[in-house]
Amino acid sequence: MNPSEFMHLLEEYTQREGLFDLKIKGETINNFDFSSFYLGGTEFCLNRFNHCVFHTTRLTYTNFSSNFFYNCSFNQNDILKSTWDYVHFIRSTITSMNATKVECINIVMRGCEVSDSSFTRCIFDAILEKWMREENMETGHLSKTVFRNCKFVLCSFKDCVFDSVEFIECVFI
140 MNPSEFMHLL EEYTQREGLF DLKIKGETIN NFDFSSFYLG GTEFCLNRFN HCVFHTTRLT
200 YTNFSSNFFY NCSFNQNDIL KSTWDYVHFI RSTITSMNAT KVECINIVMR GCEVSDSSFT
260 RCIFDAILEK WMREENMETG HLSKTVFRNC KFVLCSFKDC VFDSVEFIEC VFI
């Protein structure tokens, strides 16, 4: 899909506030600002986001499974009851995010900065599936990532690997 088609699709979805299914699969999205778009109820699968901005973007009831975010910025986002499984965040920043009941199975964060964010009843789980081991895929791996002034309420971290991760002034309840 070319950039103008993608923009038109997002504009139409935003105007109609999600009255139709929006599924984006297998695309590379470069230098795109999602800030003015409504993404509630969307499904993004097997995409690569490079240098994208998500500022106050509504991400409720989203499915962002199997996506890669490189050098992306998330700022003041609310994510409620969503699935973000097999997602890779590489050198990305997350600021003032409120995530509630978000499933993050086999999430990978490498070289990220997360600050002033709240995670409530989120599941961070690593499932070691045979096909993933055969493909040498990482599962539930957080490395060289800083969580600063974050709050984790009733979150589950199961079998996750923390490698050079810093939790600075964070609260775990």
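If you want the numbering used here, it's the position in the sequence shown, counting the first as 1, plus 139. Built from N, CA and C at the ideal position, the CB exists for glycine as well. Computed from a predicted structure; not experimentally measured.
Keeping to the same chain, check which residues put their C-beta closer than 6 Å to that of Asn-202; ignore five residues upstream and five downstream. Against the sequence shown, residue 202 aligns to sequence position 63. Here the set comprises Glu-182 and Thr-222.
Under 8 Å, do Ile-262 and Asn-245 count as touching if we go by C-beta distance? Within the sequence shown, the letter at position 123 stands for residue 262. Within the sequence shown, the letter at position 106 stands for residue 245. Judged by their CB atoms, Ile-262 and Asn-245 are not nearer to each other than the 8 Å cut-off.
Check whether the Cβ atoms of Glu-166 and Met-146 sit closer than 8 Å, and answer yes or no. On the sequence shown, residue 166 is found 27 positions in, with the first residue counted as 1. On the sequence shown, residue 146 is found 7 positions in, with the first residue counted as 1. No.
At 4 residues or longer, and completely inside the stretch 203 to 280: list those alpha helix (DSSP H) runs for me, N to C. Correct list: 269 to 273.
DSSP puts Glu-308 in a beta bridge; with which residues? The sequence position of residue 308 within the sequence shown is 169, counting from 1. Glu-308 pairs with nothing; no bridge assigned.
Near Asn-170, which residues of its chain fall below 6 Å by C-beta distance, leaving aside the five closest residues on each side in sequence? On the sequence shown, position 31 is the one that residue 170 refers to. For Asn-170, where only same-chain residues beyond five positions count, the Cβ hits under 6 Å are His-190.
At the level of alpha carbons, what is the spacing between Val-292 and Phe-258? If you number the sequence shown from 1, residue 292 lands on position 153. If you number the sequence shown from 1, residue 258 lands on position 119. Val-292 and Phe-258: Cα-Cα distance of roughly 6 Å.
Element boundaries [beta strand (DSSP E), containing Ser-295]: What you label residue 295 is simply residue 156 of the sequence shown in a count that begins at 1. Segment 295 to 297, the beta strand (DSSP E) holding Ser-295.
Work out the CA separation of Arg-230 and Tyr-209 for me, nearest whole Å. Taking the first residue of the sequence shown as position 1, residue 209 is located at position 70. Taking the first residue of the sequence shown as position 1, residue 230 is located at position 91. Straight through space, the alpha carbons of Arg-230 and Tyr-209 are spaced by roughly 6 Å.
Spell out the partners DSSP gives Cys-184 in its beta bridges. As a first step, residue 184 must be located in the sequence shown, where it is residue number 45. For Cys-184, which the question treats as bridged, DSSP gives the partners Lys-164.
Excluding five sequence neighbours on each side, which residues of the same chain lie with their C-beta closer than 8 Å to the C-beta of Val-304? Against the sequence shown, residue 304 aligns to sequence position 165. Contacts found: Leu-281, Ser-282, Lys-283, Thr-284, Val-285 and Phe-286.
How close, in whole Å, do the beta carbons of Thr-232 and Asp-217 come, if the pair is a contact with beta carbons under 8 Å? As a first step, residue 232 is located in the sequence shown; it is residue number 93 there, counting from the start. As a first step, residue 217 is located in the sequence shown; it is residue number 78 there, counting from the start. The Cβ separation is near 17 Å, so there is no contact.
Closest by CA to Glu-151, which one among Glu-252, His-227, Tyr-177 and Cys-309? On the sequence shown, residue 151 is found 12 positions in, with the first residue counted as 1. Cα-wise, what sits closest to Glu-151 is Tyr-177.
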